[in-house]
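Numbering (our numbering), first residue to last: 12 to 187. Yeah, the Cβ is synthetic: ideal placement off N, Cα and C, and Gly gets one too. None of these values were measured; they are calculated from a predicted model. Here's the structure, in C-alpha cells; my notes come after.
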Amino acid sequence: MKDVIAVSALSFILISMGALYSMGFMRFGPESELEMEAVVPVDQTTINLVQLQAIETQKINLERNKVEMLSIKNDLEMEKKIISDMRLELEDYLRRMSEMSGEIDKEYQEKITRLAKLYDSMKPGKAAPIAASIKMDLLVKIITAMKEKKAAKLMAALPPAVSAEISRRIGKRPTI
C-alpha cells in the first residue's frame, strides 16, 4: 500500500506539472526560448497602423522629392533660356563683326587699288624711291594690284634686293 500511495503522490505531482505546463504557468528550456514566447501577440489593427504610418512617411518623402525635382527642372529651364539668349547674342555679334570685317577689308582693298592707280600714273623713276621706303607687305599688295606693264617698270626701277623680295613674296604659295 505504501507503493500505491507513493505512485499516487508521484502521479499527482507529474499530472499537476503537466497541467501547469500546458496552461503556460510553467516553462522548461533555455532562457532565449522563454523570452521569445514572452512576446505579446500583435493584433492586425496595430500592424495596419504601422504600415499606414510607413506609407504616409513614404508619401511625404515622395512629395518632397517631387517639389525638389520641379525646382531643379525650373532652374534647368531658366539656364537653358539664358544659354539660348546668350547664344543668339553671340551669333548676332559674330554676324556684325563679320560684316564689319568685310567692310574694313573692302575699304582696305579700295585703298590699295587707289594706291596702285596712283603708282600706275607715276613715272617709274619717281615712284621707285617712294615705293622702296614703304613696308614690304604693303608694297607687294600695291604691285599686285597695278597693271602688269606698269608694275614691271616700277620693279625694274626699284633696287634689286627689293625687287627680288617682292618677286619672292608674290611667288610664294599662300598659306591656309
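Could you check if residue i is buried or exposed, using at least 16 other CB atoms within 10 Å of its CB as the buried criterion?
{"i": "MET97", "result": "exposed"}
{"i": "LYS152", "result": "buried"}
{"i": "TYR130", "result": "buried"}
{"i": "MET108", "result": "exposed"}
{"i": "LEU150", "result": "buried"}
{"i": "ILE154", "result": "buried"}
{"i": "ALA127", "result": "buried"}
{"i": "ALA138", "result": "buried"}
For residue i, which option in the options has the closest C-alpha, if you only look at C-alpha atoms?
{"i": "ASP148", "options": "GLU121, PRO170, LYS128 and SER178", "result": "SER178"}
{"i": "ARG222", "options": "LYS146, ARG38 and ILE26", "result": "The structure shown has nothing for residue 222, since the chain only spans 12 to 187."}
{"i": "MET157", "options": "ARG184, GLN120, ALA175 and GLU176", "result": "GLN120"}
If we ignore side chains and look at the alpha-carbon of each, how far apart do residue i and residue j end up?
{"i": "MET111", "j": "GLU100", "result": "16 Å"}
{"i": "MET89", "j": "GLU79", "result": "15 Å"}
{"i": "SER132", "j": "ILE93", "result": "58 Å"}
{"i": "SER27", "j": "ILE58", "result": "38 Å"}
{"i": "VAL116", "j": "ARG125", "result": "The question names Val, yet the displayed sequence has Asp at residue 116. Roughly 14 Å separates the two Cα atoms."}
{"i": "THR56", "j": "GLU67", "result": "16 Å"}
{"i": "GLN62", "j": "ILE16", "result": "60 Å"}
{"i": "ALA172", "j": "ASP103", "result": "47 Å"}
{"i": "ARG75", "j": "LYS91", "result": "24 Å"}
{"i": "LYS161", "j": "SER174", "result": "14 Å"}
{"i": "ASN72", "j": "ASP54", "result": "28 Å"}
* To do: Evaluate the contact criterion for the region 165 to 179 versus the region 141 to 148: three or more CB pairs, one atom per stretch, below 8 Å.
  => Flag = yes, the region 165 to 179 and the region 141 to 148 touch.
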